[in-house]
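Position 128, counted from 1, in the sequence shown is what the numbering used here calls 128; the numbers after and before it change by one each time, with no gaps. Beneath this line is the structure, given in structure tokens, with notes to follow.
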Amino acid sequence: MSASPTAKRLLDATSGQHPVVSVVFDLNPAEFATAPARATQANSLLDAAHNLEEADETLSHDARQAVRSDLERLRTYLSSDDLPVSGAAALAIYASELAGLFETVALSKPSGPQVVIGREPDLEPIVTEPAAGRWCAVLVSSRDVTIDIGSGGAVTARSTGSDYVRGHSQSDGNDERSREQDIDGHLIAVARRLAEDHRAGRFDVLALAGPVEALTGLESRLTDDLRTALAGSHLELDPSAATEADVATAVGALLAEEREREREQRLAEFGDQLAAARGGAEGARALAGVDQVLQALTEQRVATLLFAGDFHAAGARCPQCGLLLSAETSECPIDGTATSPVEDLRGPMIVAAVRQDATVLVFEEPGEPLGGPGRQVGALLRY
């Protein structure tokens, strides 16, 4: 598991140069199933965003005008029929006029409403979303295929078997050999199309569903890159009957299960490696504590960043080089520049982790999820 490709793409789009409005729009059906309820939420979020914009003294005149334009665009969007509410538990929306960014990611798990304005997008909803990356679900049989491209809790594009050259032989199809040739050509065509879509960046994770014979045949024809992108298990779906909502739900559940297994493995590895480090073992690859993790992020050694769900800590940042530092540091150790206060290091640490392709895991469990008193942040290291 590595950093979410979607999170990395959002960072690349903004580059920390322009203000970004990050919104989480809750679609919990118990509260926001109706348009009036969603409108009330939208108004509340936008009112909060206007307050944030007015209080932000770091915004230049042009940046302030751009943020206000972003908020008006969000107001229109949140009340429109374009809002992709079907199948999603929440939406993460990112707007920055100056960066040319307006993107919505449908989330497969619930998330409460919130709004943030900053020089970097609020990535936590993305990095903690199991299906945040672009995914592809292939529902294949020996004669037909449906390919759904999606992100989070929604399908964004669907293609059916009629869009593919299926390699039918020139015979009348009555003999077994011609049937096998037809199936072979069909699966080769599907594999070729998937390889093209993957190379074009249309998806990062591939999930398959269908009869065993068709799945075996398709998997044997996948390129090495596609095999690397394959989910660890198959989707339990009927290719002939599954709707887009069925597919999005099944993909979300599958990726959530894989994410949870990965979380448990990483947490166990973190505990073992941290115990080894504290025992003086050479080559141990874990550490804990704000100062230690900040240092590892600076050195770009972090493979996995781990947070307890309630982790928050004030800090400092060098406005010249961007270095994150502990709150009591008044001067950058690199260039001597006076530091600026950071109200909460949580978001900037996530950004730093994503920039170095690290996984971010947040543990919401009560008690001591990282295995020790006061241990709210830790890291597994590359070396």
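Don't be surprised by glycine CBs; every beta carbon is placed ideally from N, CA and C.
Looking only at C-alpha atoms, which of the options sits nearest to residue i?
i, options, result
"residue 80", "222, 142, 112, 36", "36"
"residue 364", "383, 379, 128", "128"
"residue 189", "199, 218, 198, 202", "218"
"residue 378", "243, 340, 311", "311"
"residue 208", "187, 201, 275, 304", "187"
"residue 223", "195, 309, 246", "195"
"residue 151", "10, 319, 252", "252"
"residue 143", "262, 297, 182, 350", "182"
"residue 69", "49, 57, 158, 88", "49"
"residue 210", "62, 235, 346, 345", "235"
Rounded to whole angstroms, what's the CA-CA distance from residue i to residue j? Just pull it up for me.
i, j, result
"residue 238", "residue 108", "21 Å"
"residue 288", "residue 316", "19 Å"
"residue 138", "residue 278", "47 Å"
"residue 72", "residue 156", "25 Å"
"residue 374", "residue 212", "49 Å"
"residue 105", "residue 118", "18 Å"
"residue 161", "residue 148", "12 Å"
"residue 303", "residue 353", "8 Å"
"residue 233", "residue 257", "10 Å"
"residue 141", "residue 259", "28 Å"
"residue 34", "residue 74", "19 Å"
"residue 87", "residue 346", "29 Å"
"residue 103", "residue 292", "34 Å"
"residue 220", "residue 192", "12 Å"
Under the DSSP definition of a beta bridge, which residues are partnered with residue i?
i, result
"residue 90", "26, 107"
"residue 207", "137"
"residue 324", "317"
"residue 148", "137, 158"
"residue 21", "95, 117"
"residue 360", "305"
"residue 36", "BP columns for residue 36 are empty, so no partner."
"residue 341", "316"
My understanding is that residue i touches residue j, with C-beta atoms under 8 Å, so please give their C-beta distance in whole angstroms.
i, j, result
"residue 248", "residue 153", "5 Å"
"residue 20", "residue 90", "That belief does not hold up - the Cβ atoms of residue 20 and residue 90 are roughly 18 Å apart, past 8 Å."
"residue 6", "residue 93", "At roughly 13 Å, the Cβ-Cβ gap does not stay under 8 Å, so residue 6 and residue 93 are not in contact."
(message) Threshold first: 3 residues or longer. Then list the beta strand (DSSP E) segments lying entirely within the region 105 to 144, N to C.
(response) 114 to 118, 134 to 140
(message) Report the start-end ranges of each alpha helix (DSSP H) in the region 285 to 316 that is 4 residues or longer and not cut off at the edges.
(response) The region 285 to 316 contains these whole alpha helix (DSSP H) runs: 290 to 298.
(message) Ignoring anything shorter than 4 residues, give me the alpha helix (DSSP H) runs that lie fully in the region 188 to 243, in order along the chain.
(response) 212 to 220, 224 to 229
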